[in-house]
Amino acid sequence: MYDQAYSSIHINGHTTCPVPIQCGVRPGCPLSMLLCALCVNPLRWLLDQTLTGMRIGRGTRTAVVAYADDITLLVTDPKNIPALAETLRS
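Encoded structure:
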């Protein structure tokens with residue numbers, strides 16, 4: 002589906018030449034939820050287990066806040082940065 006994929010940009014009534022899509026997921030792609038379930042959710046869980054994070058409210062600890070395709074990492078200890086880099090690399 003993504004092999005040799007191209008998109009064009011339409012601005013003010015003009016359309017650009019096709020631009021190759023080299024990474025990412027197309028907006029509205031029906032595979033996006035499946036890719037999230039298979040890739041992003043396990044990564045979010047692993048990062049939450051690896052990083053120190055911070056306490057929110059009455060003691061709930063979290064290191065990752067995610068909504069749709071936006072992810073925020075709460076890195077409070079500089080010692081977590083090598084672990085974060087290794088987790089993302091793996």
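Numbered by my numbering, the letters in the sequence shown go through residues 2 to 91 in order.
The beta-carbon is built from N, C-alpha and C at its ideal position, and this holds for glycine as well.
Since we're looking at a predicted model, the values are computed, not measured.
Nearest-angstrom Cα separation, counted from residue j out to residue i
i: I12; j: P19; result: 13 Å
i: T63; j: R45; result: 11 Å
i: I28; j: L35; result: It should be pointed out that residue 28 corresponds to Pro in this sequence rather than to Ile. If you take the alpha carbons of P28 and L35, they lie about 14 Å apart.
i: E87; j: H15; result: 44 Å
i: L74; j: Q23; result: 25 Å
Contacting residues, own chain, Cβ-Cβ under 7 Å from residue i (five flanking each side not counted)
i: I82; result: V76
Cβ-based neighbour list, residue i, same chain, cut-off 8 Å, excluding 5 preceding and 5 following
i: V41; result: A67, D70, I72
Spatial neighbours of residue i in its chain, beta-carbon cut-off 6 Å, leaving aside the 5 residues before and after
i: P56; result: Reading the sequence as shown, one finds Arg at residue 56 and not Pro. For R56, where only same-chain residues beyond five positions count, the Cβ hits under 6 Å are R62.
i: L32; result: none
i: G54; result: R62, T63, A64, L75
Beta-bridge partners of residue i, as assigned by DSSP
i: L74; result: V65
Integer-rounded CB distance, given that residue j should sit under 8 Å from residue i
i: D49; j: V65; result: 5 Å
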